[in-house]
Amino acid sequence: MSELSSDHLLGIKYLNEADIELIFSTADNFKDVINRPIKKVPSLRDITIANLFFENSTRTRLSFELAEKRLSADVVNFSAASSSVKKGETLIDTVNNILAMKVDMVVMRHPNPGAGLFLSQHVDSRIVNAGDGAHEHPTQALLDAFSIRERLGAVSGKKVLIVGDILHSRVALSNIFCLQKLGAKVMVCGPPTLMPKYIQSLGVEVEFNLDKALAWCDVANMLRIQLERQDTRFFPSLREYSMLYGLTSDRLNRLDRKIIVMHPGPINRGVEITSEVADSEHSIILDQVENGVAIRMAVLYLLASKIERLA
Amino acid sequence: MQPRVILNSRQLELTINRLCRQLIENHDDFSNSVLIGLQPRGVFLAQRIYHLLQEMTGCDTIDFGQLDITFFRDDFRRRNSPLIPNQTTIDFLVENKKVVMIDDVLYTGRTIRAGLDAMLAFGRPAGVELLVLIDRRFRRHLPIQPDYTGKTVDSVISERVDVRWEETDGTNEVILNSLKKHDE
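Structure follows, in structure tokens:
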């Protein structure tokens, strides 16, 4: 197995275990590259990549841009706020106009679930989904699993807990798919109002008591409350949420062993996680950010190698 | 055509021995020199040379690294199969050092070109020499020549030189195979 089975990265759903392992082993090499004095390789020097962000992003966008630049690709950036989208242009028109300028790959974040899939069916380009609504965020899930593998040696057999706003989180869904494909056990925890109705059909365990859930897990992935996606109030107050579902050092100290704490960012300190925990030795939050660049380099490299050959 | 043995196990040992002595002539105690083997196949030769040099010079502080050139190749998206990388392990800088780059077979010269590029990430060496076990001297694509050669082989394009190592192939020998398709 030395090639991805898919031409695009639309979601973890479309990858198999061998694909994920290939991305990880390639990312190992790129992690080595980005820790050298000269952090750049020339592999994608004849590839142009457009980063289309129809939704706000700091970390993911920066991470993709760095990954692209370290592979020597040419990069064009686009954000919906300052574009013709505001003048009424459709998604396909926008992207086709960009592709007419000879762009080989598109990295897209979009508020609508399935936007990446839709695009892949209508335009002639490799699509990387950088988050589509509350659907999937595949590179985040890959870098999360990669970070677990790095810290614990393997993902298979590990117990991973995802805490927070499961209902509105694309990170949760992609993480569930990715971790399960790699053989980990997944539990989700959060207020019942933020739990999707049929979540059990994904084969995950559901727990509403954070302390019980923490006692079960090896890794706790703390998610942010996505206030921007909530059109109604799902819990009485942030203070109450934080008391019931916030990760504090008291909670960690009550456990009989050390667990790893993750967070996809951006962190709302004092809500889902206290500063003390976020900055503690339990936390691998900054490792996740570093691994994000390596994982995105691996994904772009492997997809680019499937672009039609030059000769 | 039947495969032809170019170097058997005994000859291979003698050749590597000679290459080491030539290296010592030029590099003395290796205090300002480093050895870099190219992944994947050049590393086996480089390791042998590294261990033999340690024995011969009695010096156990020779710098030795393994360099992967995958991301620096010029045939990305020009081959049917994707290029899958190997590990690079170089825990020193080559800045102002004399580098001996080691590979098993020199043919088109493109691998070495990529190796020179890949090495730039580790500094600006004082100079680079090339050591190869087998020099297929015809059909070079680039103006690259070895400084140390185990054996020169005159072969045609339909032939392939296979260097076999105990670690991967169970035997130490160099074979000339007749093949329809060649890929370096």
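Protein chains in written order, with my numbering: chain A, 305 to 615; chain B, 244 to 427. Even for Gly, the Cβ is constructed at its ideal location relative to N, Cα and C. It should be emphasised that the depicted structure is a prediction, and the values quoted were computed from it without experimental measurement.
Beta-carbon of residue i versus every beta-carbon of chain A: anything under 8 Å?
i                     : result
residue 346 (chain B) : no
residue 320 (chain B) : yes
residue 412 (chain B) : no
residue 233 (chain B) : The structure shown does not extend to residue 233 (chain B), since chain B spans only 244 to 427, so no value can be given for it.
residue 306 (chain B) : no
residue 325 (chain B) : yes
residue 314 (chain B) : yes
residue 311 (chain B) : yes
Kindly say whether residue i, judged by its beta-carbon, lies nearer than 8 Å to any beta-carbon of chain B.
i                     : result
residue 306 (chain A) : yes
residue 345 (chain A) : yes
residue 611 (chain A) : yes
residue 430 (chain A) : no
residue 341 (chain A) : yes
Run through DSSP, which three-state label would residue i get?
i                     : result
residue 362 (chain B) : helix
residue 391 (chain B) : strand
residue 399 (chain A) : helix
residue 449 (chain A) : helix
residue 567 (chain A) : coil
residue 491 (chain A) : strand
residue 378 (chain A) : strand
residue 414 (chain A) : strand
residue 421 (chain B) : strand
residue 427 (chain B) : In this predicted model, residue 427 (chain B) has a pLDDT of only 46, less than 50, meaning its place in the structure is not dependable; the value taken from the coordinates is given anyway. Three-state result, residue 427 (chain B): coil.
residue 334 (chain A) : helix
residue 596 (chain A) : helix
residue 403 (chain B) : strand
residue 460 (chain A) : coil
residue 341 (chain B) : strand
residue 379 (chain B) : strand
residue 591 (chain A) : helix
residue 612 (chain A) : coil
residue 409 (chain B) : helix
residue 427 (chain A) : coil
residue 249 (chain B) : strand
residue 353 (chain B) : helix
residue 342 (chain A) : coil
residue 327 (chain A) : helix
residue 313 (chain A) : strand
residue 357 (chain A) : strand
residue 370 (chain B) : strand
residue 467 (chain A) : strand
residue 623 (chain A) : Residue 623 (chain A) cannot be examined here, being either before or after the span of chain A that is shown, 305 to 615.
residue 435 (chain A) : strand
residue 440 (chain A) : strand
Checklist entry - Can you find at least 3 beta carbon pairs, one from the stretch 561–568 of chain A and one from the stretch 307–315 of chain A, that sit closer than 8 Å? => result No: the two stretches stay apart, fewer than three of their Cβ pairs being nearer than 8 Å.
Item to check | Positions along the stretch 358–376 of chain B whose CB lies within less than 9 Å of some CB in chain A | outcome: Those residues of the stretch 358–376 of chain B that come within reach of chain A (Cβ to Cβ, closer than 9 Å) are 360, 361, 363, 364, 365 and 366.
Next on the checklist: Residues of the stretch 320–338 of chain A in Cβ contact with chain B at a cutoff of 9 Å, in chain order, please.
Outcome noted: Of all residues in the stretch 320–338 of chain A, 326, 329, 330, 332, 333, 334, 336 and 337 have a Cβ within less than 9 Å of some Cβ in chain B.
Next on the checklist: Any C-beta of chain B within less than 9 Å: which residues of the stretch 594–608 of chain A qualify?
Outcome noted: Residues passing the 9 Å Cβ filter: 605, 606 and 608.
Checklist entry - If you scan the stretch 252–311 of chain B from start to end, which runs of the beta strand (DSSP E) of 3 or more residues do you find wholly inside it? => result Listed in chain order, the complete beta strand (DSSP E) runs (minimum 3 residues) inside the stretch 252–311 of chain B are 276–281 and 306–310.
Checklist entry - What residues from the stretch 327–357 of chain B come within 9 Å of chain A, judged by C-beta to C-beta, listed N to C? => result Along the stretch 327–357 of chain B, going in chain order, the ones with a CB nearer than 9 Å to a CB of chain A are 327, 328, 329, 330, 331, 332, 333 and 336.
Checklist entry - With a cut-off of 8 Å, do at least 3 Cβ pairs link the stretch 333–348 of chain B to the stretch 372–387 of chain B? => result Contact holds: three or more Cβ-Cβ distances are below 8 Å.
Next on the checklist: Check whether the stretch 364–374 of chain B and the stretch 297–307 of chain B touch, using three or more Cβ-Cβ pairs below 8 Å as the test.
Outcome noted: By the Cβ test, the stretch 364–374 of chain B is not in contact with the stretch 297–307 of chain B, since fewer than three Cβ pairs between them sit closer than 8 Å.
Checklist entry - Any chance the stretch 354–362 of chain B sits against the stretch 589–605 of chain A, with 3 or more Cβ pairs inside 8 Å? => result Too few Cβ pairs lie closer than 8 Å, so no.
Checklist entry - Looking at chain B, which residues of the stretch 534–559 of chain A have a Cβ within less than 7 Å of any of its Cβ atoms? => result From the stretch 534–559 of chain A, no residue has a Cβ closer than 7 Å to chain B.
Item to check | Touch test, the stretch 304–321 of chain B against the stretch 260–277 of chain B, Cβ-Cβ under 8 Å, three pairs minimum | outcome: Judged by pairs of C-beta atoms under 8 Å, the stretch 304–321 of chain B touches the stretch 260–277 of chain B, as three or more such pairs exist.
Checklist entry - Between the stretch 251–260 of chain B and the stretch 319–333 of chain B, are three or more C-beta pairs nearer than 8 Å? => result No contact exists between the stretch 251–260 of chain B and the stretch 319–333 of chain B.
Next on the checklist: If contact is defined by three or more beta carbon pairs under 8 Å, each pair taking one atom from either stretch, is the stretch 354–372 of chain A in contact with the stretch 434–441 of chain A?
Outcome noted: Contact between the stretch 434–441 of chain A and the stretch 354–372 of chain A is present: three or more C-beta pairs spanning the two stretches fall below 8 Å.
Next on the checklist: Runs of 3 residues minimum, wholly inside the stretch 477–535 of chain A: which ones carry the beta strand (DSSP E) assignment?
Outcome noted: The qualifying runs are 489–493, 509–511 and 523–526.
Item to check | Ranges of the alpha helix (DSSP H) found wholly within the stretch 536–585 of chain A, counting only runs of at least 4 | outcome: Qualifying alpha helix (DSSP H) stretches, in chain order: 542–549, 553–557 and 579–582.
Checklist entry - Can at least three beta-carbon pairs, one atom from the stretch 360–379 of chain A and one from the stretch 393–404 of chain A, be found at a separation below 8 Å? => result Output reads no: the stretch 393–404 of chain A does not touch the stretch 360–379 of chain A.
Next on the checklist: Taking contact to mean 3 or more Cβ pairs, one atom from each stretch, closer than 8 Å, check whether the stretch 492–508 of chain A and the stretch 330–342 of chain A are in contact.
Outcome noted: Fewer than three pairs of CB atoms, one per stretch, sit closer than 8 Å, so the stretch 492–508 of chain A makes no contact with the stretch 330–342 of chain A.
Next on the checklist: Across the stretch 318–327 of chain A and the stretch 578–592 of chain A, are there enough close Cβ pairs to call them in contact, namely three or more that are closer than 8 Å?
Outcome noted: Touching, no, given that fewer than three Cβ pairs across the two stretches are closer than 8 Å.
Checklist entry - Any chance the stretch 545–560 of chain A sits against the stretch 570–579 of chain A, with 3 or more Cβ pairs inside 8 Å? => result Of all C-beta pairs linking the stretch 545–560 of chain A to the stretch 570–579 of chain A, three or more are shorter than 8 Å, placing the two stretches in contact.
Next on the checklist: When you compare the stretch 460–476 of chain A with the stretch 518–529 of chain A, are there three or more beta-carbon pairs, one atom per stretch, that lie closer than 8 Å?
Outcome noted: As far as the Cβ criterion goes, the stretch 460–476 of chain A touches the stretch 518–529 of chain A, which means the pair count is three or higher.
Checklist entry - Three or more beta-carbon pairs under 8 Å between the stretch 527–535 of chain A and the stretch 468–476 of chain A, yes or no? => result The stretch 527–535 of chain A vs the stretch 468–476 of chain A: in contact.
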